[in-house]
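First residue of the sequence shown? That's 1166 in the numbering used here, and the numbers climb one at a time after it.
Inspection log for the structure reproduced underneath, given as structure tokens.
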Amino acid sequence: MSGPERSTLAGVPQISLTSVVRQATDADASEIARICTAAYRDAYRNVLPPGYIERSVTAFYNEPRVADDIAPSLPDWFGYQVVEEGGRILGAAGGGMTGPTTGELSLIYLASETRGRGLGTLLLKHVTDQIRAAGGTEMWVSVFLGDSAGIGFYRARGFQPKQTVRAAMSRVDDHIRSLRMLRELR
Ligand SMILES: CC(C)(COP(=O)(O)OP(=O)(O)OC[C@H]1O[C@@H](n2cnc3c(N)ncnc32)[C@H](O)[C@@H]1OP(=O)(O)O)[C@@H](O)C(=O)NCCC(=O)NCCS
């Protein structure tokens, strides 16, 4: 192959650019809100009821809420992290500490056309490093039961399923459950 073209995705040539993960700034809020809202709807279309999806994106990924959550609130929130290529944001993640040695990955969302290229792994590594630096020896993540893609991703990266719990934002009548997955940090 000649030149900077690296691969084709859905028939569109992809230029090889360096992926950078960094702490988000206030200027990133609208793009994070847009990507997380679109990725959430896309990822869970066949997993969750439409009402639950809209309730969740309205609560968590509206732009003012994301803007409020950009900055860290230590120790429980490290602030939004973003992955970008060539100045374009492609995904976001975030986590924090829930105890002196226990970390939580709260979210990872990627623009759908950028999945399967290792960007989720890059974001996961970044939040893992933050948890380690804060003294974490284990980290947890919640994945919706039925989200085989999310569960497959975390399994591939060393998380083990531990228990099921009622999902955040679930009402008594919709019975939406999350799988809690654990990875020891050694
Ligand atoms: C899940 C998500 C974060 C993964 O990021 P990604 O960049 O697509 O994944 P990567 O390219 O880094 O893949 C990492 C590993 O996960 C595995 N993986 C990815 N998607 C998978 C799937 N659907 N089923 C099984 N394994 C999967 C890959 O095989 C890879 O393992 P390998 O390198 O050992 O082969 C991303 O696809 C996404 O945003 N999905 C929608 C939102 C979501 O489901 N988030 C998770 C809940 S918060």
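Where a beta carbon is used, it is the ideal one built from N, C-alpha and C, also for glycine.
Give the range of the beta strand (DSSP E) segment to which residue i is assigned.
| i | result |
| --- | --- |
| Met1238 | The sequence shown places Ser at residue 1238, rather than the Met named in the question. Ser1238 -> no beta strand (DSSP E), and no H or E assigned at all. |
| Leu1182 | No beta strand (DSSP E) contains Leu1182, which DSSP labels as neither H nor E. |
| Tyr1274 | Thr1267 to Leu1275 |
| Thr1279 | Unbroken run through Thr1279: none, as it is neither H nor E. |
Tell me where the alpha helix (DSSP H) around residue i begins and ends.
| i | result |
| --- | --- |
| Arg1318 | At residue 1318 the sequence reads Phe, which differs from the Arg that was named. From DSSP, the alpha helix (DSSP H) with Phe1318 extends over Ser1313 to Ala1321. |
| Tyr1245 | Note, Tyr1245: premise wrong, no alpha helix (DSSP H); not H, not E. |
| Arg1336 | No alpha helix (DSSP H) holds Arg1336; DSSP gives it neither H nor E. |
| Leu1349 | Going by the sequence as given, residue 1349 is Glu instead of Leu. Careful: Glu1349 lies outside any alpha helix (DSSP H), inside the beta strand (DSSP E) at Arg1342 to Glu1349. |
| Phe1324 | Per DSSP, Phe1324 belongs to no alpha helix (DSSP H) and is neither H nor E. |
| Gly1285 | Leu1284 to Ala1298 |
| Arg1230 | Glu1228 to Asp1234 |
Report the rounded CA-to-CA distance for residue i versus residue j, giving the unit in angstroms.
| i | j | result |
| --- | --- | --- |
| Leu1350 | Arg1199 | 32 Å |
| Val1308 | Gly1244 | 20 Å |
| Thr1173 | Arg1280 | Residue placement at Thr1173 cannot be trusted, given a pLDDT of 45 that sits under 50; the coordinates are not used to answer. |
| Ser1195 | Gly1256 | 12 Å |
| Thr1183 | Ser1343 | 34 Å |
| Asp1191 | Asp1312 | 31 Å |
| Gln1328 | Arg1345 | 5 Å |
| Gly1176 | Ile1254 | With a pLDDT of 47 at Gly1176, under the threshold of 50, the modelled position of that residue is not reliable, and no figure is offered here. |
| Arg1331 | Ile1341 | 6 Å |
| Ser1335 | Tyr1217 | 7 Å |
| Glu1303 | Leu1239 | 17 Å |
Quick check: does the Cβ of residue i come within less than 8 Å of any heavy atom belonging to ligand 1?
| i | result |
| --- | --- |
| Ser1313 | yes |
| Phe1318 | yes |
| Gly1256 | yes |
| Arg1348 | no |
| Arg1210 | no |
| Leu1284 | yes |
| Arg1342 | no |
| Tyr1205 | yes |
| Tyr1245 | no |
| Ile1273 | yes |
| Arg1322 | yes |
Would you say the segment 1215–1225 touches the segment 1243–1257, given that touching needs at least three Cβ pairs under 8 Å? no
So does the segment 1305–1325 actually touch the segment 1263–1283, counting three or more Cβ pairs closer than 8 Å? yes
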